[in-house]
Amino acid sequence: MINPDTPISELPGIGPVRRAAFEKLGIFCAKDLIMHFPRGYQHRGDVKMLSDTGLGENSAFILTVGTIPRTETISRQKRMSITRFNAFDESGKVSVVFFNRPYLSRDRVFEVGERYRFYGKLTKYNNKLTLNSPIFEPYKEGVPLPAFVPIYPLTAGLKQKFTASCIEGVITAFERNPDIYEPISEGIRRKTGICGFIEAARAIHFPESYEDIDKGRRYFVFSELLKFALCIESIKSENTSFSYNIAEFTDTERLADEFTSALNFTLTGAQKRAIADISADLSSGSRMDRLIYGDVGSGKTICAVAAAYLAAKNGWQTAFLVPTEVLAAQHYANIEPMLAKAGIKTALLTGSVKPSQKKIIYQDLENGEIDVCIGTHALLSEGVGFRRLGLTITDEQHRFGVRQRSTLTQQTLHEISPHILVMSATPIPRTLALIIYGDLKSSAIDELPPGRKKIDTFVVNSGYHERLIAFIKKLTDEGQQVYVICPAVGALAEELSEDDLVGGEIIPFPDSADSPRDGTGEIKSAIKYGQTLREELPELKIGILHGKMSSSEKESVMDSFAAGETQLLVATTVIEVGIDVPNATLMIVENAERFGLSQLHQLRGRVGRGKQKSYCVLVSDTKSETAVRRLSIMKETNDGFKIAETDLSMRGPGEFLPRRDGGAMQHGVSDFGITMSTDTETLNLAMDIARELLSYDPKLERPENKLLGKEIQHKLNSNIAALN
Ligand code: ADP
Ligand code: MG
Numbered sequence: 000m001i002n003p004d005t006p007i008s009e010l011p012g013i014g015p016v017r018r019a020a021f022e023k024l025g026i027f028c029a030k031d032l033i034m035h036f037p038r039g040y041q042h043r044g045d046v047k048m049l050s051d052t053g054l055g056e057n058s059a060f061i062l063t064v065g066t067i068p069r070t071e072t073i074s075r076q077k078r079m080s081i082t083r084f085n086a087f088d089e090s091g092k093v094s095v096v097f098f099n100r101p102y103l104s105r106d107r108v109f110e111v112g113e114r115y116r117f118y119g120k121l122t123k124y125n126n127k128l129t130l131n132s133p134i135f136e137p138y139k140e141g142v143p144l145p146a147f148v149p150i151y152p153l154t155a156g157l158k159q160k161f162t163a164s165c166i167e168g169v170i171t172a173f174e175r176n177p178d179i180y181e182p183i184s185e186g187i188r189r190k191t192g193i194c195g196f197i198e199a200a201r202a203i204h205f206p207e208s209y210e211d212i213d214k215g216r217r218y219f220v221f222s223e224l225l226k227f228a229l230c231i232e233s234i235k236s237e238n239t240s241f242s243y244n245i246a247e248f249t250d251t252e253r254l255a256d257e258f259t260s261a262l263n264f265t266l267t268g269a270q271k272r273a274i275a276d277i278s279a280d281l282s283s284g285s286r287m288d289r290l291i292y293g294d295v296g297s298g299k300t301i302c303a304v305a306a307a308y309l310a311a312k313n314g315w316q317t318a319f320l321v322p323t324e325v326l327a328a329q330h331y332a333n334i335e336p337m338l339a340k341a342g343i344k345t346a347l348l349t350g351s352v353k354p355s356q357k358k359i360i361y362q363d364l365e366n367g368e369i370d371v372c373i374g375t376h377a378l379l380s381e382g383v384g385f386r387r388l389g390l391t392i393t394d395e396q397h398r399f400g401v402r403q404r405s406t407l408t409q410q411t412l413h414e415i416s417p418h419i420l421v422m423s424a425t426p427i428p429r430t431l432a433l434i435i436y437g438d439l440k441s442s443a444i445d446e447l448p449p450g451r452k453k454i455d456t457f458v459v460n461s462g463y464h465e466r467l468i469a470f471i472k473k474l475t476d477e478g479q480q481v482y483v484i485c486p487a488v489g490a491l492a493e494e495l496s497e498d499d500l501v502g503g504e505i506i507p508f509p510d511s512a513d514s515p516r517d518g519t520g521e522i523k524s525a526i527k528y529g530q531t532l533r534e535e536l537p538e539l540k541i542g543i544l545h546g547k548m549s550s551s552e553k554e555s556v557m558d559s560f561a562a563g564e565t566q567l568l569v570a571t572t573v574i575e576v577g578i579d580v581p582n583a584t585l586m587i588v589e590n591a592e593r594f595g596l597s598q599l600h601q602l603r604g605r606v607g608r609g610k611q612k613s614y615c616v617l618v619s620d621t622k623s624e625t626a627v628r629r630l631s632i633m634k635e636t637n638d639g640f641k642i643a644e645t646d647l648s649m650r651g652p653g654e655f656l657p658r659r660d661g662g663a664m665q666h667g668v669s670d671f672g673i674t675m676s677t678d679t680e681t682l683n684l685a686m687d688i689a690r691e692l693l694s695y696d697p698k699l700e701r702p703e704n705k706l707l708g709k710e711i712q713h714k715l716n717s718n719i720a721a722l723n
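Structure representation (structure tokens):
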């Protein structure tokens, strides 16, 4: 009997190879399969007549096979073959063509006189109407075929049909025993008007109508939001429920002045206010819990450095946690000399530091030699113990798990709780900020350092390629530098499965970030596109940067870009956060529709940091209206908060929530299995329900909430695991 925890290897048809492929997608058990939602649907229910259908459109046809399929070899060397036959409906006939699928004729897959539903694009070839590599299903009168066919995000080794059949199998098994899994109690379901788990699962995977899709989405969106709300609420109560000895600070105001006046530039008013807030918090006698939020480039780092300075001067150590190695290295390069002048010792601790070096750092942290330690997740690993940790700073907080704030706290060797400062460059819509950071005080850096110019933003299609190349030449001739961002790392084949490439119009989730893959718009990968650009721009030095490189490789590529040795950097979103190269003036984002707005805003923030005029070009061939609308907002405003609000209303909070992989994010992958598009109303509803639930069942122990409680606990724990 299949239950939610049945390992996928025990499901029919899943051997070691497919199992490995599923695991790559984060699918380990039967329930994970159900939580693997389609990224969209093919609408095959709208059957057309051959004569009524324009060329180049994806449509469904019901056709009778007219001739026996025959396979010819076209190229022996390349082992290319073509299989064709004629098929017809009342309105006309068409030549159906498949490449490299000789088994279609050999195994007599098609019988003359039988009917099939085909789905594909009509083209003209040699003046003959042609259906090229369509999807097909046997058609029997009176036996309806599904109108909507789910399309899943897949990986090499998995096929759509097979994946759908696995999911269908699990759903059917669950349907026989509907009580097997239901985290949301009946009371809550009644109150919020959502259906049950298994009904929602059937509806979202195998919908018969748009209403079904909606019904399914409502359930999963609400249940994820509820879990999210419960996590946040539990952490808040955890954080406030025990009492600490606070790291004591004195003389902070004078020290802050000392720090500020030693700088060789003038702080903005907003920066001064933030530093004043920090210095007041630190000497207030209770623990600082402060969020500094402000747009990209607003100068948050220096406020954090000020806090570290106050700590060191008070004899406390600071842990400065950042999401990526590249950013850690950059911070170290900036901050170390600044603090060294004041006799403060800074160290860099990342996963790529040699074990022997690590050992020394561990020792120096333990004996208090090191005042400030900048690092990635490595800072959170076991074995790292501070002698006198008085302050933890987290940069780009939104990249970390929800619980990170308490994690470092538990690592101190003494019984004193450090002060907490978090920074976020993703301007968080106010509604969401209240929910996520409700227990934090915040300082807004709402003023940019002087001299910043507006970044001109353009949205173009790939037809502009030549002009873009010319523009790159012009800017680099003038000594400026350029970023090109691609959504994928390596060769396409690695990331997309074979039948994912077949194409076909896909109805994305309403307003979801996953824009339909048009079949025309190639997904650019940093490695491949970097090579192309090297060929097109032989006179330029071009660096390639992506998350699959080793840290030392990444570092050397970044270093040579920062030093101006390479003029163009082709990268994935590894550079999304925090990188600061003032000489870079052009940001090009390929397949821009695949990114969230806030992410695009972050990327755009990589330019416009120097004195020169800067530009951002978003390249997209998307035909989705929603995607076009989203991108055009980038043209209209440079205001991160407006952009964040739009993202929230068009895509839901997914973008702002902690990510499962704590950093090396893929678009649309959040801690939540579904790309959420929802209104703040649903979010507020989830928060209300969560609070109410916790007020009468604080540990979620009642029978109807037990399963939910178990999942919340798991989520909280895995957030920590994700950080290590
Ligand atoms: P973010 O808020 O995105 O983390 P940073 O702290 O990296 O921004 O600052 C962006 C750039 O602005 C850095 O090069 C920094 O040195 C510079 N900067 C910060 N504050 C000021 C200021 N008051 N005047 C001039 N430049 C500043
Ligand atoms: Mg920053």
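The opening position of the sequence shown corresponds to residue 0 in numbering that gives the first Met the number 0, with each subsequent residue numbered one higher. C-beta atoms are modelled at their ideal positions from N, C-alpha and C, and glycine is treated no differently. From a predicted model like this one, the values you see are computed outputs, not experimental measurements.
Remark: fewer than three beta-carbon pairs, one from each stretch, lie closer than 8 Å, so the stretch 611 to 619 and the stretch 305 to 313 are not flagged as touching.
Selection ILE522, LEU568 and GLY529 evaluated against THR475 yields LEU568 as nearest (Cα-Cα). Counting only runs of 4+ residues, the alpha helix (DSSP H) found wholly inside the stretch 440 to 488 occupies 464 to 476, in chain order. Runs of beta strand (DSSP E) with 3 or more residues, each lying fully within the stretch 120 to 146, are found at 127 to 131 and 134 to 137, listed in chain order.
If you check the C-beta of ALA561 against the ligand MG, you find no heavy atom less than 8 Å away. Apart from sequence neighbours up to five positions away, the residues of its chain that approach PHE221 with a beta-carbon distance below 7 Å are THR191, ILE193, THR681 and ALA685, ordered along the chain.
Taking 8 Å as the cut-off, the C-beta of PRO336 does not count as close to any heavy atom of the ligand ADP. Given a length threshold of 4 residues, each whole run of the alpha helix (DSSP H) inside the stretch 333 to 373 is given here in chain order: 354 to 365. In this structure, ALA311 sits near LEU338, with a CB-CB distance shorter than 9 Å.
Here LYS452 is exposed. Its C-beta has fewer than 16 other C-beta atoms within 10 Å. When ILE73, ILE67 and GLY478 are compared, the shortest CA-CA separation from GLY112 is found for ILE67.
Beta-bridge partners assigned by DSSP to GLY542: LEU568. Shown here, GLY53 sits in coil according to DSSP, grouped into three states, outside any helix or strand. Residue environment: THR249 is assigned as exposed (fewer than 16 neighbouring CB atoms within 10 Å of its CB, all protein chains considered).
CA-to-CA, the gap between TYR463 and LEU585 works out to about 15 Å.
According to the DSSP assignment, TYR614 belongs to the beta strand (DSSP E) that extends over 614 to 618. Going by DSSP, LEU388 is part of the beta strand (DSSP E) stretching over 388 to 393. Sixteen is the threshold: since fewer than 16 other Cβ atoms of the shown chains lie within 10 Å of the Cβ of LYS473, the residue is exposed.
Per the coordinates, the alpha-carbon of THR300 lies some 50 Å from the alpha-carbon of GLU167.
In this structure the stretch 35 to 47 does not touch the stretch 103 to 112; the number of beta carbon pairs closer than 8 Å is below three. Taking the Cα positions, ILE150 is about 15 Å away from PHE135. THR70 has THR82 as its beta-bridge partners, per DSSP.
Measuring C-alpha to C-alpha distances from GLU446 to each of GLU181, GLY639, LYS523 and GLU700 identifies GLY639 as the nearest. Note: GLY609 is not bridge-paired with any residue in the DSSP secondary-structure output. Around the beta-carbon of LYS30, 16 or more other beta-carbon atoms lie within 10 Å, marking it buried. Judged by their CB atoms, THR375 and LEU320 are nearer to each other than the 9 Å cut-off. At the C-beta level, ASN313 and LEU254 come within 9 Å of one another. Looking at HIS35, PRO15, PRO137 and ILE81, the one whose alpha-carbon comes closest to that of VAL64 is PRO137.
Looking at the DSSP output, TYR115 sits in a beta bridge with LEU62 and PRO137.
Annotation for ASP394 indicates a beta carbon within 8 Å of some heavy atom of the ligand MG. The criterion of a C-beta distance shorter than 9 Å is satisfied by LEU596 and ILE632.
Around the beta-carbon of GLY450, fewer than 16 other beta-carbon atoms lie within 10 Å, marking it exposed. The ligand MG approaches THR300 closely enough that one of its heavy atoms is under 8 Å from the residue's Cβ. Assignment of beta-bridge partners to LYS92 by DSSP yields PHE87. Separation of LEU281 and TYR361 (C-alpha to C-alpha, rounded to the nearest whole angstrom) is 26 Å. At a Cβ-Cβ threshold of 9 Å, LEU54 and LEU62 do not count as neighbours.
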